[in-house]
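Student: Take this structure, written in structure tokens, and hold onto it; I'll ask about it next.
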Amino acid sequence: MTSTTHSRPPGPGGPGPDKLAFTVPSGRRRVTPVRFGREFRRDKLLPQLLRKAVLDDEGQQCVQVRLGAKDAANPAARALLDTEAGTAVHLNQVLGDTEYAALFPRLIGYELDTAEPFLLYDPPRGTAVSRIHVMGAADQEIFTRDLMQALCVLQGQGLVPRGISPGTVLWDGARVQLWGLESMTRIGRPRRPWGRSPYCPPEQRGGEGLTDPRDAVWSAAQVLYRLATGRPGPADRPPPDLGEHRKLDQTLRDAFAPEAAGRPTPAQVLDLVAPGAARRVRLAVPPDETRPHHEAFEEALRLKRQAPAGTRAEQTDGGVLCPYCLETIQLDLSKLFVTDSRMQYKSLDVGGINNPVRRADVMRGAVQRCTADPEFPAHHIPVPYLTYGRPLTVAMVGQSSTGKSHLLTQMIAAITDGGLEPYGLKWQSVNPEQHARFVRDRVQPLRGGKVLDHTAALGMDDFARFVESLLITDARGQVRPVAFFDLGGEDLVRTDAALRFLLGVDALVFVVDPALALPLPQLDHARQRWGVEVNRDGDLAFGTVLDRLPKNGGYLDVPAAMVLGKADLLRFQPPVDRWLTRPPSAAPDPALTREESRDVYGLLRRHAGQAWLRPFDAIRRCTLHIASATGGQEDQGRYPAGAGPRRVLEPLLSLFAMHGLIEVPGGADALALGEAPALEAVPWSGDEEFVGPEGAEEPEEAEGGEVR
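Per this note's numbering, the very first residue in the sequence shown carries number 310; after that it's consecutive.
Laid out in structure tokens, this is it:
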């Protein structure tokens, strides 16, 4: 999604206002003239810039929080703004017009996938308390009540601020308003170093343990101590003069405990200030519209578990199945070739190479011409593919606009970066030259922010080719070649012999484009940009592949994963927001995989319809996933901060587990069919892939009580 700002031609009164395009919290787009005021930085250690703005079509006053071009090129800075936007959107959705909405800034709109991303808020209400020297006792009581109410609301959403400071809390003489939403994290996430002394608790500044709602109680107590005394407190213990401030001492003495376990919760502090108030901090729970779809998922799994398991035809002994012509092929030293500097094949004779080390190295880069089917076009197989037993072939399925190429590229990049090591897997390239070319032509440009070209369509005499192939070694030391195929959607609707290889594919990845599947308003702008419409009939490529595969019993028995790709387009939409920011599990977890599958199934069934779920309905073992290959959308042909993948390995890990390369509690079928107990709903969380400021001084103040 792109935001363009440009000035109107000068008129008699001088230059006209800029045009500003952004998304409002409901997901709709808005374009309006805008006039900006003087820009300043709220905190010298944070990247956000602030300036007043007036939206001229309504004369609406607001404040813009944005990243300049230099900071916007930093993924960590973008992650901060993403977290702030996600928190603001979520609070807007759950608080609505309740009395608690005033405790937080009200979001007007946001634009994140652009060279200089920004948020728009209603003007701040009040003055940053960093500008208040001392607050009277009566005001302190109201201030404490409001601040603890805000923390109770956040805790109810599974959130906790990693730090509250005098620069992020506003006071208008009657009520508090809590800013600094970029510091939010999910309760129970690992702490990362963040914040300034003494306002962030010791364990948060050191990045120790898991986040706790009582982290914020320390921060609030430090802010209140400063308001009571005019000076900051100690960084790691209760203030020595706390007893001289009777009300503060009665309310917050335990809040200064060095460890979170020794502090009261926000609700306990709130009840000390306003007895019974904590019980009243309740938000209306909307009807659970996902329940019937989740129940349909559970029923579908029950039917799959009851169905007899099918069996796939195994290749014969004495060779491996050629992934192209599906004939058995054996290593034949008389049919070896290597490529020359012009990428032309030339014969290779290894008979004269007596050194076994050199011979093995030469053969690793060689290919063998397959002549098992003389009617099939000429094709070549990497030699290592023929020497390690049965290969595993993985095919990406979907229309050419779904982002398959970006997803596959990021999968391979994550593997080569060591992403499989936590699961006991190691990798090696099958053909070093081919792998180096893949990295040079695809991985490096994508990481640098370049949008990859669509998969080239095959000619009528062509057939599917490897995109990349790797040797995967499992925890038992067994090596298995894994080959990846990526076809354009135009090719997947063909039915000629060129797609015969689908009959022997071992695993399928069906990529769902949300812009084509989900008629949600926040996707309208993307559809308009790309010139596409919602397709209620599902992806035609899905149907072609499913119809081409041999069925054994009631279900297809080839393991599969469905991926809701480009999930960054929906990063503030439940349940995408819950999963996209979730860090990888330390080990395969059938319960979590099943929960994610249930959530994606429910989202697709509710908004897209059953046609988009045909792979899940047709395949016995099929998991569903949320992923983003780039972390955001391109702006003027590039990804402004490079491509930041999220959860791209999870679908592949699921397929590897179903093929036995990764051991899973309950066996290989547990991920897709296991009867693990349902998990509680995973609360919303912000992104954790960044480290915030540490050891900073108090924020620099601005004139006029601006937020700092």
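We put the CB at the ideal spot given by N, CA and C, even for glycine. As the structure is a computational prediction, the values presented were derived from the model and not from experiment.
1. With three or more beta-carbon pairs closer than 8 Å as the criterion, would you say the region 552-562 touches the region 525-536?
2. Less than 8 Å between the C-beta atoms of Ala616 and Val647, yes or no?
3. Rounded to a whole number of angstroms, what is the C-alpha to C-alpha distance between Ala734 and Ala586?
4. Quick one: Cα of Leu891 to Cα of Val666, how far?
5. Can you tell me whether Ser738 is helix, strand or coil according to DSSP?
6. To the nearest angstrom, how far is the alpha carbon of Ile417 from that of Leu428?
7. Under a three-way DSSP split, which group does Asn401 fall into?
8. Spatial neighbours of Gly405 within its chain, please: CB distance less than 7 Å, with the 5 preceding and 5 following residues excluded, ordered by chain position.
9. Could you check whether the region 893-913 touches the region 969-978, counting it as contact only if at least three pairs of C-beta atoms, one from each stretch, sit closer than 8 Å?
10. For Pro475, count the other beta carbons within 10 Å of its own beta carbon; 16 or more makes it buried, fewer makes it exposed. Which is it?
11. Between Gly497, Leu827, Ala544, which has its C-alpha nearest Pro511's C-alpha?
12. In whole angstroms, what is the alpha-carbon distance linking Glu408 and Val706?
13. Within 10 angstroms of the Cβ of Ala745, are there 16 or more other Cβ atoms? Answer buried if so, exposed if not.
14. Measuring alpha carbon to alpha carbon, tell me which of Leu855, Thr494, Leu412, Gly539 ends up nearest Gly467.
15. Using the DSSP secondary-structure output, state which residues sit across from Cys371 in a beta bridge.
16. What three-state label does DSSP hand Asp783 in the structure shown?
17. To the nearest angstrom, report how far apart Leu761 and Ala609 are at their CA atoms.
18. How would you label Asn401, buried or exposed, when you count the other beta carbons within 10 angstroms and need 16 or more for buried?
19. Rounded to whole angstroms, what is the Cα-Cα separation between Gly489 and Arg673?
20. Can you tell me where the beta strand (DSSP E) with Glu420 in it begins and where it stops?
21. Where does Ala877 land, buried or exposed, given buried means 16+ other C-beta within 10 angstroms?
22. Using only the alpha-carbon positions, how far apart do Pro893 and Ala570 sit?
23. Shorter than 7 Å, the distance from the beta carbon of Gly465 to the closest heavy atom of the ligand SAH, or not?
24. According to DSSP, Gln677 sits in a beta bridge with which residue or residues?
25. Can you give me the C-alpha to C-alpha distance between Pro499 and Leu519, rounded to a whole angstrom?
26. Skipping 5 residues on each side, what residues in its chain have a beta carbon closer than 6 Å to that of Glu348?
27. How is the beta strand (DSSP E) around Pro342 delimited, first residue to last?
28. Quick test of your reading: His968 and Leu716, contact by CB under 8 Å. State the CB separation rounded to the nearest angstrom.
29. Tell me which residue opens and which closes the alpha helix (DSSP H) that Gln615 is part of.
30. Closest by CA to Pro949, which one among Ala981, Gly757, Tyr864?
31. Under three-state DSSP, which class holds Ala927?
32. So for Lys328, helix, strand or coil by DSSP?
33. Please identify the residue among Asp815, Ala566, Pro426, Arg454 whose C-alpha is closest to the C-alpha of Asp380.
34. How would you label Lys860, buried or exposed, when you count the other beta carbons within 10 angstroms and need 16 or more for buried?
35. At a cut of 8 Å, does the region 936-944 reach the region 844-852 through at least three beta carbon pairs?
36. Mind listing, in chain order, the continuous beta strand (DSSP E) runs of no fewer than 3 residues lying wholly within the region 407-470?
Tutor: From the atom records:
1. yes
2. In this structure, Ala616 lies away from Val647, with their beta-carbon atoms at least 8 Å apart.
3. Residue 734 is actually Leu in this sequence, not Ala. The straight-line gap from Cα to Cα measures roughly 53 Å.
4. The identity of residue 891 in the sequence shown is Arg, whereas the question assumes Leu. Taking the straight line from one Cα to the other gives about 45 Å.
5. Per DSSP, reduced to three states, the secondary structure at Ser738 is strand.
6. Straight-line Cα distance between these residues: approximately 8 Å.
7. helix
8. none
9. Using a Cβ-Cβ distance cut-off of 8 Å, the region 893-913 and the region 969-978 are in contact, since at least three pairs of beta carbons, one from each stretch, lie closer than that value.
10. buried
11. Ala544
12. Each residue's alpha carbon lies about 49 Å from the other.
13. Counting Cβ neighbours within 10 Å, Ala745 comes out exposed, since fewer than 16 surround it.
14. Thr494
15. Ala362
16. coil
17. Answer to the nearest angstrom: the Cα atoms are 37 Å apart.
18. Buried is the call here.
19. 55 Å
20. 416-420
21. Per the sequence shown, the amino acid found at residue 877 is Asp instead of Ala. So Asp877 counts as buried.
22. 27 Å
23. In the structure on display, the ligand SAH does not appear, and there are no ligands present to speak of.
24. Leu645, Ile690
25. Pro499 and Leu519: Cα-Cα distance of roughly 4 Å.
26. Leu358, Arg360
27. 338-350
28. Contact doesn't hold; Cβ gap of about 19 Å is too wide.
29. 600-615
30. Gly757
31. Helix at Ala927.
32. strand
33. Pro426
34. In summary, Lys860 is exposed, with fewer than 16 beta-carbon neighbours lying within 10 Å of its beta-carbon over all protein chains present.
35. no
36. 416-420, 427-430, 468-470
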